[in-house]
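Presented below is the structure to which this report refers.
Protein chains: 2
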Amino acid sequence: MHIPVRIVLVTPTHPGNIGAAARAMKTMGLSDLALVAPKHFPSEEATARASGAGDVLDNAEVTATLPEAIGDCGYVVGASARLRGSKWPIVDPRTCAESIWRHLPDNRVALVMRPEHSGLSNDDLGRCRELVHIPTNPEFGSLNLAMAVQVLCYELRMCQLSSSVASGEDRGVPFASAAELEGFHEHLERVLAAAGFLHPVHQKQLRLKLRRLFQRARPDHNEINILRGIVAALDPARYTDGRGSA
Amino acid sequence: MHIPVRIVLVTPTHPGNIGAAARAMKTMGLSDLALVAPKHFPSEEATARASGAGDVLDNAEVTATLPEAIGDCGYVVGASARLRGSKWPIVDPRTCAESIWRHLPDNRVALVMRPEHSGLSNDDLGRCRELVHIPTNPEFGSLNLAMAVQVLCYELRMCQLSSSVASGEDRGVPFASAAELEGFHEHLERVLAAAGFLHPVHQKQLRLKLRRLFQRARPDHNEINILRGIVAALDPARYTDGRGSA
Numbered sequence: 005m006h007i008p009v010r011i012v013l014v015t016p017t018h019p020g021n022i023g024a025a026a027r028a029m030k031t032m033g034l035s036d037l038a039l040v041a042p043k044h045f046p047s048e049e050a051t052a053r054a055s056g057a058g059d060v061l062d063n064a065e066v067t068a069t070l071p072e073a074i075g076d077c078g079y080v081v082g083a084s085a086r087l088r089g090s091k092w093p094i095v096d097p098r099t100c101a102e103s104i105w106r107h108l109p110d111n112r113v114a115l116v117m118r119p120e121h122s123g124l125s126n127d128d129l130g131r132c133r134e135l136v137h138i139p140t141n142p143e144f145g146s147l148n149l150a151m152a153v154q155v156l157c158y159e160l161r162m163c164q165l166s167s168s169v170a171s172g173e174d175r176g177v178p179f180a181s182a183a184e185l186e187g188f189h190e191h192l193e194r195v196l197a198a199a200g201f202l203h204p205v206h207q208k209q210l211r212l213k214l215r216r217l218f219q220r221a222r223p224d225h226n227e228i229n230i231l232r233g234i235v236a237a238l239d240p241a242r243y244t245d246g247r248g249s250a
Numbered sequence: 005m006h007i008p009v010r011i012v013l014v015t016p017t018h019p020g021n022i023g024a025a026a027r028a029m030k031t032m033g034l035s036d037l038a039l040v041a042p043k044h045f046p047s048e049e050a051t052a053r054a055s056g057a058g059d060v061l062d063n064a065e066v067t068a069t070l071p072e073a074i075g076d077c078g079y080v081v082g083a084s085a086r087l088r089g090s091k092w093p094i095v096d097p098r099t100c101a102e103s104i105w106r107h108l109p110d111n112r113v114a115l116v117m118r119p120e121h122s123g124l125s126n127d128d129l130g131r132c133r134e135l136v137h138i139p140t141n142p143e144f145g146s147l148n149l150a151m152a153v154q155v156l157c158y159e160l161r162m163c164q165l166s167s168s169v170a171s172g173e174d175r176g177v178p179f180a181s182a183a184e185l186e187g188f189h190e191h192l193e194r195v196l197a198a199a200g201f202l203h204p205v206h207q208k209q210l211r212l213k214l215r216r217l218f219q220r221a222r223p224d225h226n227e228i229n230i231l232r233g234i235v236a237a238l239d240p241a242r243y244t245d246g247r248g249s250a
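Chains A and B are the protein sequences, given in the same order. Note that our numbering numbers the first sequence so that position 218 is 222, with each residue one more than the last. Note that our numbering numbers the second sequence so that position 211 is 215, with each residue one more than the last.
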């Protein structure tokens with residue numbers, strides 16, 4: 005009955021929200037919670053609001069950064085409170101749950117959320133396959149973090165109970181983990197910078213576009229190895245004897 | 005964009021839950037809140053938790069009894085945290101929202117909820133067309149009242165946004181209001197008691213069965229008039245000169 009999806013709360017500020025999120029998760033059959041740089045944790049308020057879901061808090065993984073929290077995940081979805089002009093694919097919670105469900109057999113899955121007042125950063129975005137947006141009232145979109153967790157976990161539970169959603173990953177091969185993908189991107193960016201193609205500070209949009217492209221491509225483990233081989237083969241350092249490009 | 009469904013909270017105890025429920029409603033485009041015998045209302049805590057949804061609280065109708073809160077409603081759904089052995093039809097939130105949506109053009113609709121620790125009483129049940137149950141984790145069903153409001157309102161909003169749910173009531177005639185139906189039942193029970201068929205105190209199950217039957221039948225206004233005519237015609241008082249039955 006357990007739903008093996010990790011809920012990742014990035015820089016949650018209110019301990020009450022963390023507790024309420026844990027309770028929301030457990031009512032829907034989820035238990036894998038990760039907290040990235042929580043302002044206060046553990047806290048009495050979180051435990052009180054968790055009600056009978058204290059075990060979810062006890063087992064929560066606390067990390068300093070998002071990459072650490074999703075490192076072993078092959079499928080990462082970001083929850084976005086805003087429909088920004090981004091070219092990231094944005095789906096509703098039902099479509100998102102069905103998509104997660106299809107990828108569950110072969111991948112660790114994470115659902116990444118930030119408190120509504122901050123929202124996902126571009127760096128967060130670059131680590132997500134797609135975005136899920138809860139279609140709130142256009143005149144009042146102030147959805148509490150724990151409420152958003154409740155709705156998204158509810159859709160996962162409806163998926164679990166429904167026989168209409170076919171299980172099984174599209175390709176039958178797990179995606180590369182977020183850590184593998186991150187390693188590839190760092191490698192690629194280092195090499196592109198060395199080649200004078202990408203300025204690491206001034207060309208953030210270009211970096212983001214590259215990340216979006218590979219999120220769409222969804223490389224698997226072998227493909228990442230191939231890509232890294234290509235990048236290594238094209239590294240200017242190979243030809244300039246480690247002295248960098250001109 | 006407004007969804008004209010009334011959320012009725014029966015004897016809510018925690019003001020925080022009332023405020024959180026109002027906020028949950030507004031994020032999904034609902035604004036019609038009724039409170040039956042709230043323990044504390046208005047309250048500062050409710051207003052604080054409502055965040056930007058104070059207007060929903062300001063416009064909330066406060067009544068002493070459930071019949072007052074749903075009197076003008078032709079379609080009443082009860083939210084049940086438990087899958088009791090009742091013979092009431094029980095649907096999931098998605099099916100419930102679709103069903104509400106179909107009945108909206110011709111009926112005022114109410115969704116009735118009690119805090120989870122109490123649950124709907126048999127008297128509440130007797131006033132509901134059907135029950136909606138959020139399919140929680142069998143090992144941890146402790147869903148907070150405001151969270152349940154969020155999930156149910158979310159499904160209504162998904163219905164509103166979906167073109168796949170056909171609108172329009174099955175029969176094209178509004179159902180009798182809850183007050184009309186209640187008036188009929190009180191009349192019927194009085195007459196049955198006078199006839200010695202129904203003991204008003206000791207035969208609660210029989211009363212409930214009758215109410216379930218007429219909830220299934222979904223009489224409209226004209227049919228209620230016909231039924232009341234029948235009951236009046238069969239009233240023993242007519243034959244015993246007002247002195248009651250033997």
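Built from N, CA and C at the ideal position, the CB exists for glycine as well.
Looking only at its own chain, which residues have a Cβ that is under 7 Å from the Cβ of residue i, when we skip the five neighbours before and after it?
i                 : result
Gly-75 (chain A)  : Ser-181, Ala-182, Ala-183
Leu-147 (chain B) : Ala-85, Glu-120, Ile-138, Thr-140
By Cβ distance below 8 Å, which residues in the same chain neighbour residue i in space, the five residues on each side in sequence not counted?
i                 : result
Pro-46 (chain B)  : Leu-61
Asp-127 (chain A) : Leu-70
Leu-135 (chain A) : Val-81, Gly-82, Ala-83, Ser-84, Ser-90, Trp-92, Pro-93, Ile-94, Val-95, Leu-124, Leu-129
Asp-191 (chain B) : Reading the sequence as shown, one finds His at residue 191 (chain B) and not Asp. These residues qualify, in order along the chain: Arg-232, Val-235, Ala-236.
Ile-230 (chain B) : none
Leu-212 (chain B) : Asn-126, Leu-129, Gly-130
Gly-56 (chain B)  : Arg-27, Lys-30
Thr-15 (chain B)  : Val-40, Ala-41, Pro-42, Lys-43, Arg-118, Pro-119, Ser-122
Ile-7 (chain A)   : Met-32, Gly-33, Leu-34, Cys-157, Leu-160, Arg-161, Gln-164
Lys-208 (chain A) : Asn-126
Cys-77 (chain A)  : Arg-10, Asn-111, Arg-112, Val-113, Ala-114, Ser-181, Ala-182
Thinking C-alpha only, which one of the options is nearest residue i?
i                 : options                                    : result
Ala-26 (chain B)  : B:Ala-52, B:Pro-71, B:Ala-73, B:His-203    : B:Ala-52
Val-195 (chain A) : A:Ala-236, A:Gly-56, A:Asp-110             : A:Ala-236
Asp-96 (chain B)  : A:Met-151, A:Ser-166, A:Glu-193, A:Cys-132 : A:Ser-166
Pro-142 (chain A) : B:Lys-30, B:Thr-17, B:Gly-23               : B:Lys-30
Gly-145 (chain B) : A:Pro-16, A:Thr-15, A:Thr-17, A:Leu-34     : A:Leu-34
Leu-13 (chain B)  : B:Ala-152, B:Arg-215, B:Arg-211            : B:Ala-152
Ile-4 (chain A)   : A:Arg-216, A:Cys-157, A:Asp-239            : No answer is possible for residue 4 (chain A): it lies beyond the span of chain A, which begins at 5 and ends at 250.
Arg-131 (chain A) : A:Met-32, A:Glu-65, A:Arg-222              : A:Arg-222
Phe-188 (chain B) : B:Glu-102, B:Ala-198, B:Phe-218, B:Arg-98  : B:Phe-218
Pro-42 (chain B)  : B:Thr-17, B:His-225, B:Arg-215             : B:Thr-17
Ala-73 (chain B)  : B:His-44, B:Ala-101, B:Arg-112, B:Glu-102  : B:Arg-112
Ala-198 (chain B) : B:His-107, B:Pro-178, B:Cys-77, B:Tyr-243  : B:Tyr-243
Glu-63 (chain A)  : A:Gly-78, A:Glu-186, A:Leu-39              : The displayed chain sequence assigns Asn, not Glu, to residue 63 (chain A). It is A:Leu-39.
Arg-98 (chain A)  : B:Val-155, B:Cys-77, B:Ala-57              : B:Val-155
His-44 (chain A)  : A:Thr-67, A:Ile-7, A:Met-32, A:Glu-186     : A:Thr-67
Leu-210 (chain A) : A:Ile-228, A:Ala-114, A:Glu-193, A:Thr-15  : A:Glu-193
Asp-110 (chain A) : A:His-225, A:Met-32, A:Glu-65              : A:His-225
Arg-220 (chain B) : B:Tyr-79, B:Met-32, B:Ile-7, B:Glu-65      : B:Tyr-79
Arg-215 (chain B) : B:Pro-178, B:Asp-59, B:Glu-186             : B:Glu-186
His-107 (chain B) : B:Pro-240, B:Arg-133, B:Thr-15             : B:Arg-133
Under 6 Å Cβ to Cβ from residue i, same chain only, skipping five residues before and after it: list those, please.
i                 : result
Asp-36 (chain B)  : Arg-10
Gly-20 (chain A)  : Glu-49, Arg-53
Ala-101 (chain B) : Glu-159, Leu-160, Cys-163
Ala-150 (chain A) : Asn-21, Ala-24, Ala-25, Ala-28
Leu-238 (chain A) : none
Ile-4 (chain A)   : In the structure as shown, chain A starts at 5 and stops at 250, and residue 4 (chain A) therefore has no counterpart that could be examined.
Val-177 (chain A) : Asp-224
Glu-65 (chain B)  : Ala-38
Is any non-hydrogen atom of the ligand MG found closer than 6 Å to the C-beta of residue i, if you look at the structure I gave you?
i                 : result
Leu-202 (chain A) : Absence of the ligand MG is noted for the structure shown, with no ligands found whatsoever.
- Query: Which runs of the alpha helix (DSSP H) spanning at least 4 residues fall entirely within the stretch 95-142 of chain A, listed in chain order?
  - Reply: 97-107, 126-129
- Message: To test your reading of the DSSP string, which unbroken beta strand (DSSP E) runs of 3 or more residues are found completely within the stretch 22-67 of chain A?
- Response: 36-40, 65-67
- Could you run through the stretch 71-90 of chain A and flag, in chain order, every residue whose CB is less than 7 Å away from some CB of chain B? none
- Assess, as a yes-or-no matter, whether the stretch 153-163 of chain A is touched by the stretch 196-203 of chain A under the definition of 3 or more beta carbon pairs within less than 8 Å. Touching, no, given that fewer than three Cβ pairs across the two stretches are closer than 8 Å.
- Which residues, in chain order, does the stretch 12-44 of chain A contribute to contact with chain B at a C-beta distance below 8 Å? Ala-24, Arg-27, Ala-28, Lys-30, Thr-31, Met-32, Gly-33
- Message: Residues of the stretch 134-146 of chain B in Cβ contact with chain A at a cutoff of 8 Å, in chain order, please.
- Response: Ile-138, Pro-139, Thr-140, Asn-141, Pro-142, Glu-143, Phe-144, Gly-145, Ser-146
- Taking Cβ-Cβ distances below 8 Å as the criterion, which residues of the stretch 52-64 of chain A are in contact with chain B? Identification of residues in the stretch 52-64 of chain A having a C-beta nearer than 8 Å to some C-beta of chain B yields Ser-55, Gly-56, Ala-57, given in sequence order.
- Message: By the 9 Å beta-carbon criterion, what residues does the stretch 96-119 of chain A contribute toward chain B?
- Response: Asp-96, Pro-97, Arg-98
- Give, in chain order, every residue of the stretch 145-167 of chain A whose Cβ lies closer than 8 Å to some Cβ of chain B. From the stretch 145-167 of chain A, only Gly-145, Ser-146, Leu-147, Asn-148, Ala-150, Met-151, Gln-154, Val-155, Tyr-158, Arg-161, Met-162, Leu-165 have a Cβ closer than 8 Å to chain B.
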